[in-house]
Every structure is written in structure tokens, then in C-alpha cells.
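First to last, the protein sequences are chains A and B. Per our numbering, residue 1 is the first one in the first sequence, and the count goes up by one each step. Per our numbering, residue 1 is the first one in the second sequence, and the count goes up by one each step. Remarks on the structure that follows.
Protein chains: 2
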Amino acid sequence: MEERKLTVRAVERALDILICFTTDTDLGLTEISSKIGLHKSTVHRLLTTLEEKGFITRNQATEKYRLGMRVWELAANQSQEDDPAHILLPEMERLRDVLGETVSLYLQDGKERIRIQAVQSNQAIRRVAPVGMRAPLSVGASSKVLIAFAKEEVRAELLESLEWVSDEENGHYVSQLSEIQALGYATSFEEREPGAAAVSVPIYDRSHHLAAALSVSGPVSRLSMQKMKELAPMISEAAGRMGKMLK
Amino acid sequence: MEERKLTVRAVERALDILICFTTDTDLGLTEISSKIGLHKSTVHRLLTTLEEKGFITRNQATEKYRLGMRVWELAANQSQEDDPAHILLPEMERLRDVLGETVSLYLQDGKERIRIQAVQSNQAIRRVAPVGMRAPLSVGASSKVLIAFAKEEVRAELLESLEWVSDEENGHYVSQLSEIQALGYATSFEEREPGAAAVSVPIYDRSHHLAAALSVSGPVSRLSMQKMKELAPMISEAAGRMGKMLK
DNA sequence: TGTAATAGTTTCATAGAATGAAACTTAGTT
DNA sequence: AACTAAGTTTCATTCTATGAAACTATTACA
């Protein structure tokens with residue numbers, strides 16, 4: 001039996017166009033149409049619609065398309081009171097000042113994690129962490145935290161959906177997760193970015209649900225395994241304080 | 001001859017749904033459908049599509065719809081390097097500290113102006129200025145600046161499109177605009193908000209195009225006409241400095 | 001200067017996608 | 001239990017969205 005679609009194709013396509021602008025700021029019509037594999041005329045019509053509603057504007061100079069003010073406006077009006085990225089910023093800055101390393105805040109979103117807030121170390125050599133970045137949930141200290149401390153159902157689903165190279169690796173990963181659960185923190189050592197290491201701990205809100213992962217990251221030269229082990233309690237303590245500020 | 005539409009209706013409707021969330025953070029299906037005047041089933045289908053692409057999520061607790069992370073993500077990746085709201089913030093803070101009043105930055109958008117940045121006075125009685133707010137271009141000091149110092153074509157078009165109560169008023173307004181052009185700044189006295197006054201000056205980018213309107217606003221008790229006249233040169237000077245930082 | 005190439009825009013016949021009425025599910029209220 | 005309200009799904013029909021092709025504007029280059 002062929003599943004009836006419950007979505008609207010034209011809208012899907014228009015949203016795909018918007019999503020193109022997560023990686024690029026300025027795109028031409030042809031560029032977009034080849035990116036999402038649609039005819040120029042179709043893309044043009046969708047762009048006109050997006051432009052009319054203020055979601056897309058054109059760069060005066062280059063004539064190329066870019067995101068319009070409406071996107072910004074919607075984001076500005078998005079609830080800020082209960083937004084961790086907003087509330088926890090001062091505490092993150094404090095932690096950065098104490099440790100001298102870059103501090104980031106991650107949320108799980110589907111099979112990815114997304115960096116919703118970051119404050120940079122002010123040392124010469126430092127981890128640079130752009131806010132808004134997405135990364136796969138399969139690697140990195142914060143990924144492991146987001147999986148290990150997620151609610152049972154969520155974790156099961158995630159482990160299901162993440163593909164593993166082999167069964168042995170799967171087993172190894174699961175045992176790593178229980179270790180993380182026992183310790184209360186996760187580390188990563190050049191897992192995703194060469195030369196970078198990170199410690200990550202869970203932040204729980206007042207109703208004891210996982211709210212985010214808090215990570216401290218820097219160059220391997222300063223963050224040895226031993227050093228991260230030492231820092232972990234301090235970071236956990238900060239995370240505990242932060243959690244009390246949520247919901 | 002019936003104009004052929006160059007836009008896509010389904011997409012227009014979906015975007016209208018998103019735009020609903022500029023005023024409210026949480027909305028139910030029925031609420032939305034009555035707001036934009038469409039059938040529940042249609043709205044439901046559009047919402048499902050928006051949800052699948054991450055533009056809408058559902059509030060766990062209330063089951064209501066709200067904006068998703070994608071909106072935030074897009075805004076986060078929006079070009080920040082050349083964004084006045086970002087670049088001018090430190091200078092705005094400095095001005096606020098000197099004058100002790102709320103400082104705002106406005107952009108023209110269609111027949112409206114939009115507050116793209118603001119720093120609040122820290123006095124007990126102060127003008128509160130939420131970022132992202134829209135207001136009609138017909139009233140307020142910054143509106144007058146945005147019109148008076150706009151490029152010739154833009155100004156003509158705006159004056160055309162803004163409706164006037166009477167011809168006399170129109171004449172009065174036009175003469176007011178030339179006065180503003182001569183002075184280099186505009187003021188407003190309880191024009192839009194009772195008890196509030198404001199001085200506004202243009203910010204020009206390096207290629208001498210109007211980039212934004214910079215406003216200082218506060219209670220009429222502190223901002224008399226005389227006082228605003230005194231402040232104007234200082235604000236203009238700050239605006240000049242800011243302009244040099246753009247493009 | 002002419003010619004080709006490239007990017008963007010509009011037109012139009014046609015397929016099939018989007019639509020809204022209605023039926024159906026929950027869940028909450030009287 | 002009957003009623004009300006919000007949300008969800010189904011389905012026949014219509015009109016909308018589609019992509020091919022034509023057209024325009026701009027740039028490259030010979």
C-alpha cells in the first residue's frame with residue numbers, strides 16, 4: 001500500500017532553498033537549482049515567493065540571493081526567557097575565565113548535535129567554536145554525553161539509528177557509554193578535529209531531564225587526558241549550578 | 001488582462017504560518033487556521049511539512065506549535081561580518097554610557113522600520129526597546145530620518161505609498177523633512193509612545209549610503225526639546241564614527 | 001564588433017499535487 | 001454518557017505547480 005504523503009511538496013522545496021543558506025550566505029539562482037536538483041524556473045518561482053514574504057533578499061551589489069530580515073526577526077522573537085543559550089551565557093563566561101579554555105553548549109537535534117552557545121578562550125592558541133554549527137552525534141565528547149545521559153527511549157532510538165562499522169565497534173561503544181554514565185563526564189581526544197581535545201558533562205534542568213551538554217575544549221597541548229580528568233569535577237560543579245537556573 | 005502569478009500559493013501560506021510566530025511563541029492548530037483563514041486540514045499539512053524540515057517544533061508540555069531550531073540556525077549563520085547590529089553594538093553601548101539613555105538602531109523595511117539593535121538605559125525610568133520590533137514609517141524620529149535621508153527614488157516611493165490624512169498635512173510633512181535634512185537630525189515628542197521622546201540621526205556607510213538610523217530615546221522628563229537639541233551634535237558625531245565602521 | 005556563453009526571467013500546456021469537506025480520533029467538560 | 005473542542009486522516013475534484021522552451025540581459029572572448 002503506497003503511503004499517502006502528509007506533506008506539501010512545494011513547501012518542502014522552498015524550505016530546502018532556505019536551508020541552503022546555512023552554509024552559504026550568498027547564492028545565485030543556478031547555484032541553488034543545481035544544489036537541490038530542481039529546474040531554474042521552479043527555483044525562481046519559489047525564490048520570488050520567499051522574497052515577497054521577506055525571507056529572502058537580494059544582495060544589492062552582486063544581485064545574488066541571501067536570507068532576508070524575516071528570518072532574523074523570527075529568531076529575535078523566539079522565546080528567550082527559557083532559552084539555555086541565553087540564561088547560561090554568564091555562567092559559561094565565568095567558567096571560561098577560570099579555565100582559560102573555550103566553553104560550548106550543545107543540544108541534540110535528530111542525529112546531530114548543534115552548538116547553541118559558545119564563549120572563546122582568550123589565549124593565543126584556542127579552540128574556535130562558531131555558534132550554530134552542526135556535527136554528527138557519532139563523534140566528540142559532547143555527542144557521547146548527549147547519548148549517554150539521554151532518556152532511555154531516546155538513547156535506544158539513537159543507538160538504533162546511528163550506523164556502526166561493525167558489531168565489535170558497537171559493543172565497544174556501548175561499554176564506553178556505561179563508563180561515561182558512571183564517571184559523569186566524557187572526553188574526546190582528536191576525535192573530530194585534529195589537535196583538539198574536550199571534556200563534556202551533562203546539564204540537567206530542575207526536573208532532572210537532560211537539558212544540554214557543556215563542553216570545555218582546547219588544544220591537546222594544554223588538555224591532556226590527565227588534565228581533563230582533573231578539570232571534570234570543576235566543570236560538573238558548574239553544570240550543576242547552571243542546571244538550577246533552567247525551567 | 002489577468003496578471004499571471006509568479007509565486008507559489010502553498011509556499012506563501014506556509015510562510016504566513018511562520019510569520020504568525022513573530023507575535024506569539026506558542027500557537028495551536030485551530031488558532032493558526034483562524035488567524036490566516038485556512039482550513040484546519042490545510043494548515044495541518046503545512047505544519048507537518050514545516051515540522052519535518054525543522055522550522056516548527058511542538059512544545060512538549062502543551063502540544064502547541066512553536067518555532068523550531070532551524071529558524072534559529074539560519075539566523076545564527078546569517079552574515080555577521082557586515083551586519084550593522086553586530087558591528088555597531090560596542091559604539092552604541094559607549095553612547096548609552098555617556099548619555100545614560102536608551103540607544104536604538106533602525107532599518108527601513110518596506111513601509112515599516114525595524115529595530116535591529118538596542119541597548120537600554122540603566123536608569124530607573126527608561127525607554128524599553130525590544131529588538132526586532134516593527135513600527136510604521138509614518139511616525140517617530142527614526143522614521144523621519146529613514147525617509148529624509150533615503151536615496152531620492154526610495155524617498156519618492158515611500159512618500160507615495162504612505163497615506164496621508166489630508167493634503168495640508170502632506171505639505172507640512174514635506175517641509176518638515178527638508179528641515180530635518182538641513183539640521184541633520186530629527187526629533188519626536190510623544191509621537192508614538194506617550195511620555196517618550198527621541199532624537200535620531202542618519203548613519204552613512206563608507207560609500208555614503210544611508211545604512212541605518214541611530215536613535216536616543218527616553219522619558220520626556222529628561223529629554224526636553226532643548227535637551228535633545230543639545231545632544232544632537234554629540235549623537236551625530238557618534239553616528240559619523242559608526243559609519244566609518246561599515247562596509 | 002560580432003559571437004558565444006552564461007545567468008536570470010517569463011510563458012504555457014499538462015500532469016498531478018494541493019485543496020477543503022467530511023469523517024474520524026482523542027481528550028477534556030458538563 | 002453525551003457533548004464539545006482540538007487535532008488528524010482520507011479522498012474526489014480542481015486548479016495549481018511544474019518543467020520545457022523561449023526569451024532577455026549580461027559578460028567573455030576572438
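Just so it is clear, CB atoms sit at the ideal spot from N, CA and C, and this is done for glycine as well. Computed from a predicted structure; not experimentally measured.
For Val174/A, the number of other beta carbons within 10 angstroms of its own is below 16, and it is reported as exposed. The C-beta of Gly240/B comes no closer than 8 angstroms to any C-beta of chain A. Within the same chain, Cβ atoms closer than 7 angstroms to the Cβ of Lys247/B are found at Asp82, Asp205, Arg206, Ser207, the five residues on either side in sequence being excluded.
Three or more beta-carbon pairs separated by less than 8 angstroms are not found between the region 69 to 80 of chain A and the region 170 to 187 of chain A, which leaves the two stretches without contact.
Counting along the chain, Glu101/B sits inside no beta strand (DSSP E), nor does DSSP assign it H or E at all.
Just measuring C-alpha positions, the residue of Ser200/A, Leu27/A, Val216/A sitting nearest Gln181/A is Ser200/A.
When 7 angstroms is used as the limit between beta carbons, Gln108/A is near no residue of chain B, the shortest such separation being about 11 angstroms. Straight through space, the alpha carbons of Met228/B and Gly54/B are spaced by roughly 47 angstroms.
Contact between the region 153 to 171 of chain B and the region 122 to 129 of chain B is absent: fewer than 3 CB-CB pairs across the two stretches fall below 8 angstroms. Within chain A, the C-beta atoms nearer than 7 angstroms to that of Phe55/B come from Leu15, in chain order. Where Gln117/A is concerned, there is no enclosing alpha helix (DSSP H), although the beta strand (DSSP E) around it starts and stops at 112 to 119.
The Cβ of Thr62/B sits no closer than 8 angstroms to any Cβ of chain A. For Gln78/A, the closest Cβ of chain B is nearer than 8 angstroms. Secondary structure of Pro136/B (DSSP, three-state): strand.
Taking a cut-off of 8 angstroms for Cβ pairs, the region 22 to 33 of chain A and the region 83 to 92 of chain B do not touch, as fewer than three such pairs fall below it. Within chain A, Leu74, Asn77, Gln78 have C-beta atoms less than 9 angstroms from the C-beta of Phe21/B, given in sequence order. Beta-bridge partners of Phe189/B (DSSP): Ala197/B.
Positions of the alpha helix (DSSP H) runs, each at least 4 residues long and wholly inside the region 9 to 35 of chain B, are given as 9 to 20 in order along the chain. Cβ neighbours of Arg241/A within its own chain (closer than 7 angstroms, five residues either side excluded): Glu91. The beta-carbon of Ala156/A is placed no less than 8 angstroms from the nearest beta-carbon of chain B. Within chain B, Val8, Ala10, Val11 have C-beta atoms less than 7 angstroms from the C-beta of Ala10/A, given in sequence order.
Segment contact: the region 97 to 111 of chain B against the region 206 to 221 of chain B, three or more CB-CB distances shorter than 8 angstroms; contact assigned. Residue environment for Ser161/A: exposed (fewer than 16 other C-beta atoms within 10 angstroms of its C-beta).
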